[in-house]
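Under my numbering, the residue at position 66 of the sequence shown is numbered 67, and the numbers go up by one with no gaps.
Don't be surprised by glycine CBs; every beta carbon is placed ideally from N, CA and C.
Since we're looking at a predicted model, the values are computed, not measured.
Below you'll find the structure, written out as structure tokens, and then a few comments.
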Amino acid sequence: MVCLGNICRSPLAEGILRNKLDSEQFIIDSAGTGDWHVGNAPDARSIKVARDNGIDISQLKGRQIAKSDFKKFDHIYVMDQNNLEDVLALASTDEERRKVIMILDTVFPGEKVDVPDPYNGMQEDFKRVYEMLDQACEEIAGQLQ
């Protein structure tokens, strides 16, 4: 799961998908394209909306996506078009590029719908993002199981 800073959308998506899949069978992680929040906990509003839905993401720590992620993960889900372009720029091969998917393409195939960045918004914006990501992660979990 990849967003810009790895404190709002991607840790939420990580927590949601972890809640839907068996951790013994799947490695689920999140990262940001930027390095501003490396080592930081998720945004308090992301932590709250996750907790309100029975998911604890408070122990997650921000990290920046690395080229090694293409070897470690079978799928790399990005939150928006900018994330898509940034992650694809890191890819070295067509095989690596095929791993990169806009997360809402699981719900709206081919429509290139962005998960809006709630960082400058209110708690209600985080709730809407949670709902979008929950729907996408439900689709992903169904595809992977």
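Can you look up residue i in the DSSP assignment and give me helix, strand or coil?
i	result
residue 80	coil
residue 114	coil
residue 4	strand
residue 119	coil
residue 16	helix
Please tell me whether residue i and residue j are closer than 8 angstroms, where the distance is taken between their beta carbons.
i	j	result
residue 148	residue 47	The shown model of the chain, from 2 to 146, leaves out residue 148, and the question about it has no answer.
residue 130	residue 117	yes
residue 18	residue 28	no
residue 104	residue 79	yes
residue 145	residue 22	yes
residue 125	residue 61	no
Using DSSP bridges, identify the partner residues of residue i.
i	result
residue 65	33
residue 101	77
State the Cα-Cα distance for the pair residue i and residue j, rounded to the nearest angstrom.
i	j	result
residue 26	residue 136	21 angstroms
Would you say residue i reaches chain B, if we count a Cβ-Cβ gap shorter than 8 angstroms as a contact?
i	result
residue 3	The structure shown contains no chain B; it holds only a single protein chain.
Check the C-beta distance from residue i over to residue j and give it rounded, since I have them as a contact under 8 angstroms.
i	j	result
residue 7	residue 32	5 angstroms
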